[in-house]
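A.B. asks:
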Ligand SMILES: [Zn+2]
């Protein structure tokens, strides 16, 4: 789609540059701006000094359920929801603000980010598509990313139930079983891809 005005295009370029600086993949840039693929490729190369990676792997909601990604995703979603609910931001603006804050949190704790901007963006899309929900941990009360339609009344988060002890817990094994509801929504999963 063509931009309506020079100002719209300038705004898209500014957003594209910020997304590339934060590590966005081409697919995210193409969805979130109205710039041509050619222009996006030029922006990418100018900002990063290299061509964008070509290989794209489809990935599913399951990635967000593994231990470390789940903790990081849950932190990101808490920040994202803060911007949506308290600062009345939406869409890409809320995602970018939350992602900056996510990086700040990790830097303050001297931790490596497990969640790329493209994955964070995908996470929000999975929530929008009702593939994921927030579950309250019955032990610490924190909000964590969980499969939609999974029973969450007895939910215990990955921080309260560390992986080394996870095998002992019957409820953890039950949760690891793939819910039917997610399998049925495959098309939305396939629509999103990223290099692992
Ligand atoms: Zn917990």
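In my numbering, the protein residues as written are 7 to 202. Cβ coordinates follow ideal geometry from the N, Cα and C atoms, glycine included. The structure presented is a predicted model; accordingly, all values stated were derived computationally and were not measured.
(1) Would the segment 143-159 count as touching the segment 89-109 if we require 3 or more Cβ pairs under 8 Å?
(2) What's the C-alpha gap between residue 224 and residue 57?
(3) Output needed for residue 30: all residues of its chain with C-beta closer than 6 Å, excluding positions within five of it in sequence on either side, in chain order.
(4) Using the three-state DSSP reduction, which class does residue 19 fall into: helix, strand or coil?
(5) Using beta-carbon positions only, say whether residue 119 and residue 112 come within less than 8 Å of one another.
(6) Return yes when the Cβ of residue 34 is within less than 8 Å of the Cβ of residue 50, no when it is not.
(7) Quick check on the burial criterion: 16 or more other C-beta atoms within 10 angstroms. Buried or exposed for residue 180?
(8) Give a yes or no on whether the C-beta atoms belonging to residue 135 and residue 161 are separated by under 8 Å.
(9) Report yes if the CB atom of residue 121 is closer than 8 Å to the CB atom of residue 159, and no otherwise.
(10) What residue range is occupied by the uninterrupted alpha helix (DSSP H) comprising residue 104?
(11) Can you list, in chain order, the residues of its chain whose CB lies under 7 Å from that of residue 173, leaving out five sequence neighbours each side?
C.D. replies: In short:
(1) no
(2) Since the first and last residues shown for the chain are 7 and 202, residue 224 lies out of range.
(3) 123 and 124
(4) helix
(5) yes
(6) no
(7) At residue 180 the pLDDT is 39, less than 50, meaning the model places this residue with poor confidence; the figure from the coordinates comes in the next sentence. Label assigned to residue 180: exposed.
(8) no
(9) no
(10) 97-114
(11) The predicted position of residue 173 is uncertain, since its pLDDT is 45 and thus under 50; a value taken from the coordinates is nonetheless stated next. Around residue 173: no qualifying Cβ.
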